[in-house]
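Every letter in the sequence shown is one number past the one before it in this note's numbering, and letter 126, counting from 1, is 370. Virtual Cβ for every residue (Gly too), placed ideally from N, Cα, C. As the structure is a computational prediction, the values presented were derived from the model and not from experiment.
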Amino acid sequence: MNFNEYLDEDMLSIQLAHRLAGALNTALETQERAFLVVPGGTTPGPVFDILCATRLDWSRVDVALSDERWRPEEHIRSNTKLLRERLFVERAAKATHVPLYRRAETPEEVIDDLAAGIEARLPIDVLLLGMGTDMHTASLFPGGDRIEEALSREAPVLVPMRAEGEPEPRITMSARVLNDAMSKHLVIMGDAKRGALDRARSMTPLQAPVAAVLDDIEVHWAP
245 MNFNEYLDED MLSIQLAHRL AGALNTALET QERAFLVVPG GTTPGPVFDI
295 LCATRLDWSR VDVALSDERW RPEEHIRSNT KLLRERLFVE RAAKATHVPL
345 YRRAETPEEV IDDLAAGIEA RLPIDVLLLG MGTDMHTASL FPGGDRIEEA
395 LSREAPVLVP MRAEGEPEPR ITMSARVLND AMSKHLVIMG DAKRGALDRA
445 RSMTPLQAPV AAVLDDIEVH WAP
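Structure (structure tokens):
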């Protein structure tokens, strides 16, 4: 784990957006397409605001979420809504969205089709993750109903997940898929999340799922 500390959120967002764009450009130098995977939630929004305007061949970039809440994309809790409003704009409007949601009552009904769209693009070239103060990343939640399966080396590409306190089912990329990314980044803000990350380093992945993805990762933190 390599820890990068920034003076503030603005500096982090600028520098991290440029790092992600640079990694995508590097991938596109040697292959026809690049696969970018990003988180939802509130933290990455400012990074997306800058990344969407960077100069690279976005028409050759496929973008997927690391996880999604099982809500229609127009819903306020939809991570896809965040992508459409803050990443798929300006130059990045030319990117191809690889969905993690399709209208169905439960993720189990359509998970095979969604997984096929992801699997065709693996491995991930550039991965950005977030983390909660409970030490979850993507929708790998401590105590999640299928967390052991999602952390397994034999895990499928996508795993449905339900967790106590979460108002809807989730769908998440497994730790195996996330760990195979060529360029891995974790963005966190504030002292509470830095403390949580420090604790996670001495815990098992079942206790602190983010611990499952910390090998060879670049951590980006601002107070």
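Assigned with DSSP and collapsed to three states, Trp-314 falls in coil, not helix or strand. By the CB criterion at 8 Å, Ile-415 and Ile-362 fall outside the cutoff. Setting aside the 5 residues that flank it on each side, Ser-427 is surrounded in the same chain by Ala-267 and Val-370, each with a C-beta closer than 6 Å to its C-beta; the list follows chain order.
Per DSSP, Asp-424 lies in no beta strand (DSSP E) and is assigned neither H nor E.
Three or more beta-carbon pairs drawn from the stretch 280 to 293 and the stretch 326 to 334 are found closer than 8 Å, and the two stretches are therefore classed as touching.
A buried status is given to Lys-437, since no fewer than 16 other beta-carbon atoms sit within 10 Å of its beta-carbon.
The DSSP-derived three-state label of Phe-247 is strand. For Trp-465, same chain residues with a beta-carbon under 6 Å away, outside a window of 5 residues either side, are Glu-249, Ile-432 and Arg-438 in chain order.
A distance below 8 Å separates the beta carbons of His-429 and Leu-260. Collapsing the DSSP output to three states places Met-433 in a strand.
Closest by C-alpha distance to Leu-450, out of Ser-383, Phe-332 and Arg-321, is Ser-383. In its chain, beyond the 5 residues on either side, Ala-261, Leu-264, Ala-265, Leu-331 and Ala-336 have a beta carbon closer than 8 Å to the beta carbon of Leu-295. Cβ neighbours of Lys-338 within its own chain (closer than 7 Å, five residues either side excluded): Trp-302 and Ser-303. If you compare the alpha carbons of Glu-349, Leu-441, Thr-340 and Phe-292 with that of Pro-316, the shortest gap goes to Glu-349.
For Met-417 and Leu-402, the gap between their C-alpha atoms comes out near 5 Å. Annotated three-state conformation of Ile-362 is helix, per DSSP.
Val-281 is a Cβ neighbour of Ile-368, given a cutoff of 8 Å.
Going by beta carbons, Arg-406 and Asp-389 fall inside the 8 Å limit. In this structure, Ser-310 sits near Leu-422, with a CB-CB distance shorter than 8 Å. Setting aside the 5 residues that flank it on each side, Pro-400 has no residue in the same chain whose C-beta is closer than 6 Å to its C-beta. Asp-254 counts as exposed, since fewer than 16 other C-beta atoms from the protein chains shown sit within 10 angstroms of its C-beta.
Of the residues assessed, Ile-461 falls on the buried side of the cut-off, its CB having 16 or more other CB atoms within 10 angstroms.
Secondary structure at Leu-331: coil, using DSSP grouped into helix, strand and coil.
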